[in-house]
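Protein chains in written order, with numbering that gives the first Met the number 0: chain H, 0 to 149; chain D, 0 to 143. Everything on this sheet refers to the single structure shown next.
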Amino acid sequence: MLGGALALGLTGCDEKAPEELRAGPEVAILLTAIAGEEQMITLYEGVAAAHPGLSASVAGPLEHHREHLAQLRRHYLPGTGRATPAQTPVLPPIPVPAGRAPALTALRAAEKMAAAARIKDVTQVPPGLAQLFASIGACEAGHAQALMYR
Amino acid sequence: MSPAIEALQALLAAEHRAVYGYGMVGARLTGTPRTQATALWDAHRSRRDQIATLISDAGGEPASPEATYALPAARTPALLAAALEEGVLAACVPLAGVRSANLRRMAAQGMQEAMIRAVRWSRTAPADAFPGLTPAEVAPAPTP
Numbered sequence: 000m001l002g003g004a005l006a007l008g009l010t011g012c013d014e015k016a017p018e019e020l021r022a023g024p025e026v027a028i029l030l031t032a033i034a035g036e037e038q039m040i041t042l043y044e045g046v047a048a049a050h051p052g053l054s055a056s057v058a059g060p061l062e063h064h065r066e067h068l069a070q071l072r073r074h075y076l077p078g079t080g081r082a083t084p085a086q087t088p089v090l091p092p093i094p095v096p097a098g099r100a101p102a103l104t105a106l107r108a109a110e111k112m113a114a115a116a117r118i119k120d121v122t123q124v125p126p127g128l129a130q131l132f133a134s135i136g137a138c139e140a141g142h143a144q145a146l147m148y149r
Numbered sequence: 000m001s002p003a004i005e006a007l008q009a010l011l012a013a014e015h016r017a018v019y020g021y022g023m024v025g026a027r028l029t030g031t032p033r034t035q036a037t038a039l040w041d042a043h044r045s046r047r048d049q050i051a052t053l054i055s056d057a058g059g060e061p062a063s064p065e066a067t068y069a070l071p072a073a074r075t076p077a078l079l080a081a082a083l084e085e086g087v088l089a090a091c092v093p094l095a096g097v098r099s100a101n102l103r104r105m106a107a108q109g110m111q112e113a114m115i116r117a118v119r120w121s122r123t124a125p126a127d128a129f130p131g132l133t134p135a136e137v138a139p140a141p142t143p
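Structure representation (structure tokens):
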């Protein structure tokens with residue numbers, strides 16, 4: 000069973016005034032992964048718009064990334080005050096190449112980079128979330144490979 | 000048995016099965032695909048031995064292979080190989096959730112490797128957004 004919402008580390012429970020809630024390092028990793036999925040979705044949508052002939056090929060991975068994003072967002076519960084970062088970081092859009100082959104190359108590169116990031120992520124998030132990241136990474140690695148056959 | 004050893008044993012069982020299965024795959028192929036199957040048979044034997052060593056080092060007794068395995072029905076040897084890789088991928092999931100970060104990384108790498116091999120054999124993109132996970136694992140029911 001995967002873990003649910005992220006646990007925030009309570010810093011103390013002594014007789015002094017309660018310490019503020021501090022976000023664990025996994026919150027930053029989760030937010031970066033969310034931003035990465037948003038960037039990936041924008042790239043796929045851009046490729047589909049610029050290259051209508053590729054829209055059928057990109058429909059599957061695009062849907063998967065939307066599912067990843069929805070699932071990652073379920074794990075992020077915005078806190079109050081300084082408990083969690085105020086905003087999800089936004090990554091700059093990846094330019095959509097004009098040609099069909101370069102567009103596929105850009106998608107492959109983005110998928111490979113995302114898959115590599117997930118391997119690093121699994122070492123830094125709690126075990127339950129690590130299983131989700133590992134699965135998302137496998138999906139991304141698979142799409143990077145499958146795009147070779149388009 | 001510690002959760003880590005239990006997870007390693009599950010992966011070892013999947014690797015035993017893959018080694019057996021790739022023997023069947025290779026026997027049904029010729030030429031380049033056969034060479035590829037042989038290389039992957041070797042890769043799975045190495046991984047099997049590596050996992051057995053990790054289990055021994057952690058104080059466990061590596062599980063022995065079964066005499067035979069019921070393999071999935073597949074129309075072609077390539078699709079059988081893809082199914083074997085999907086089995087290895089799913090068997091990595093418990094290991095991706097253990098306390099050791101090194102073992103989690105090994106599991107995540109193993110899942111990606113298995114997925115890439117499955118796509119190479121089947122020539123089809125991943126079918127699921129969350130390979131290796133059941134719907135209940137992806138979206139656990141809220142606990143009161």
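Glycine included, every Cβ here is placed at the ideal spot set by N, Cα and C. Computed from a predicted model, the values in this text were never measured in an experiment.
Exposure label - residue i; buried when at least 16 CB within 10 Å
{"i": "D/Leu39", "result": "buried"}
{"i": "D/Ala66", "result": "exposed"}
{"i": "D/Thr133", "result": "exposed"}
{"i": "H/Thr79", "result": "Residue placement at H/Thr79 is flagged as unreliable, the pLDDT there being 49, under the threshold of 50; a coordinate-derived value is accordingly withheld."}
{"i": "D/Gly58", "result": "exposed"}
{"i": "H/Asp13", "result": "Legend: pLDDT at H/Asp13 = 46, less than 50; position of this residue unreliable, value from coordinates given subsequently. H/Asp13 comes out exposed."}
{"i": "H/Gln130", "result": "buried"}
{"i": "H/Pro88", "result": "exposed"}
{"i": "H/Ser56", "result": "buried"}
{"i": "D/Glu84", "result": "buried"}
{"i": "D/Gln155", "result": "Nothing in the structure corresponds to residue 155 of chain D, since chain D is present only between 0 and 143."}
{"i": "D/Ala51", "result": "buried"}
{"i": "D/Ala126", "result": "exposed"}
{"i": "D/Gln49", "result": "exposed"}
{"i": "D/Pro74", "result": "Looking at the sequence provided, one finds Arg at residue 74 of chain D rather than Pro. Exposed, by the Cβ-count rule."}
{"i": "H/Gly45", "result": "buried"}
{"i": "D/Met0", "result": "exposed"}
{"i": "H/Gly11", "result": "Residue confidence for H/Gly11 is low, a pLDDT of 43 falling below 50, so the modelled location carries little weight; the figure read from the coordinates is stated next. H/Gly11 should be labelled exposed."}
{"i": "D/Pro76", "result": "buried"}
{"i": "D/Ala89", "result": "buried"}
{"i": "D/Arg122", "result": "exposed"}
{"i": "H/Pro101", "result": "exposed"}
{"i": "H/Ala47", "result": "buried"}
{"i": "D/Ala106", "result": "buried"}
{"i": "D/Ala72", "result": "exposed"}
{"i": "H/Pro60", "result": "buried"}
{"i": "H/Gly52", "result": "exposed"}
Sequence-distant residues of its chain with Cβ nearer than 8 angstroms to residue i (five each side left out)
{"i": "H/Leu68", "result": "Ile33, Glu36, Glu37 and Ile40"}
{"i": "D/Ala36", "result": "Tyr21, Val24, Gly25, Leu28, Pro76 and Ala80"}
{"i": "D/His43", "result": "Glu14, Ala17, Val18, Tyr21 and Val87"}
{"i": "D/Gln108", "result": "none"}
Chain-order list of residues whose beta-carbon lies under 6 angstroms from that of residue i (same chain, five-residue window excluded)
{"i": "D/Ala80", "result": "Val24 and Trp120"}
{"i": "H/His151", "result": "Any answer about residue 151 of chain H is impossible in this case: the structure gives chain H only from 0 up to 149."}
{"i": "H/Ala133", "result": "Val121"}
{"i": "H/Tyr75", "result": "Leu29"}
{"i": "H/Arg149", "result": "Ser56 and Leu103"}
{"i": "D/Gly86", "result": "Ala13"}
{"i": "D/Pro2", "result": "Val97"}
{"i": "D/Tyr19", "result": "Tyr68"}
{"i": "H/Ala49", "result": "Val95"}
{"i": "H/Arg99", "result": "His50"}
Host alpha helix (DSSP H) of residue i (start-end)
{"i": "H/Pro125", "result": "Careful: H/Pro125 lies outside any alpha helix (DSSP H) and carries neither H nor E."}
{"i": "D/Thr29", "result": "No alpha helix (DSSP H) holds D/Thr29; DSSP gives it neither H nor E."}
{"i": "H/Tyr43", "result": "Pro24 to Ala49"}
{"i": "H/Val121", "result": "Arg99 to Val121"}
{"i": "D/Ile115", "result": "Ala100 to Ser121"}
{"i": "D/Pro93", "result": "D/Pro93 -> no alpha helix (DSSP H), and no H or E assigned at all."}
{"i": "D/Ser63", "result": "It is not in any alpha helix (DSSP H) - D/Ser63 carries neither H nor E in the DSSP assignment."}
{"i": "H/Leu71", "result": "Ser54 to His74"}
{"i": "D/Val137", "result": "Pro134 to Val137"}
Same chain, Cβ closer than 7 angstroms to residue i, neighbours up to 5 away in sequence not counted
{"i": "D/Ile54", "result": "Ile4, Leu7, Gln8, Leu11 and Pro61"}
{"i": "H/Leu71", "result": "Leu29, Ala32, Ile33 and Glu36"}
{"i": "D/Arg46", "result": "Glu14"}
{"i": "D/Leu102", "result": "Ala3 and Leu94"}
{"i": "H/Ile93", "result": "Gln38, Leu42, Ala105 and Ala109"}
{"i": "H/Ala113", "result": "Gly35, Met39 and Glu139"}
{"i": "H/Lys111", "result": "Ala143"}
{"i": "H/Glu25", "result": "Leu5, Gln123, Val124, Pro125 and Leu128"}
{"i": "D/Val137", "result": "Phe129"}
{"i": "D/Arg33", "result": "Gly25"}
Cβ-heavy atom distance, residue i to the ligand GTP, below 6 angstroms
{"i": "H/Ser134", "result": "For the structure depicted, the ligand GTP is absent and the ligand set is empty, with no information on it obtainable."}
Within-7 angstroms CB hit, residue i to chain B
{"i": "H/Thr122", "result": "In the structure shown, chain B cannot be found, because the protein chains are H and D."}
Counting beta carbon pairs with one atom in the segment 136 to 145 of chain H and one in the segment 112 to 121 of chain D, are three or more of them shorter than 8 angstroms?
Yes: at least three Cβ pairs fall under 8 angstroms.
Pair every Cβ in the segment 128 to 138 of chain H with every Cβ in the segment 108 to 118 of chain H, then say whether three or more of these pairs are closer than 8 angstroms.
yes
Could you name the residues of the segment 96 to 116 of chain D whose beta carbon sits closer than 7 angstroms to any beta carbon of chain H, in the order they occur along the chain?
Taking 7 angstroms as the Cβ-Cβ cut-off against chain H, the residues of the segment 96 to 116 of chain D that qualify are Gly96, Val97, Arg98, Ala100, Arg103, Arg104, Ala106, Ala107, Gln108, Met110, Gln111, Met114 and Ile115.
Residues of the segment 36 to 65 of chain H with a CB closer than 7 angstroms to any CB of chain D: list them in chain order, please.
Listed in sequence order: Gly59, Pro60 and His63.
Taking any Cβ of chain D, which residues in the segment 98 to 114 of chain H have a Cβ under 7 angstroms from it, in chain order?
For the segment 98 to 114 of chain H, residues whose beta-carbon sits nearer than 7 angstroms to a beta-carbon of chain D comprise Ala114.
For the segment 125 to 137 of chain D, list every residue whose C-beta sits within 9 angstroms of some C-beta in chain H, in sequence order.
Pro125, Ala126, Asp127, Ala128, Phe129, Pro130, Gly131, Leu132, Ala135, Glu136 and Val137
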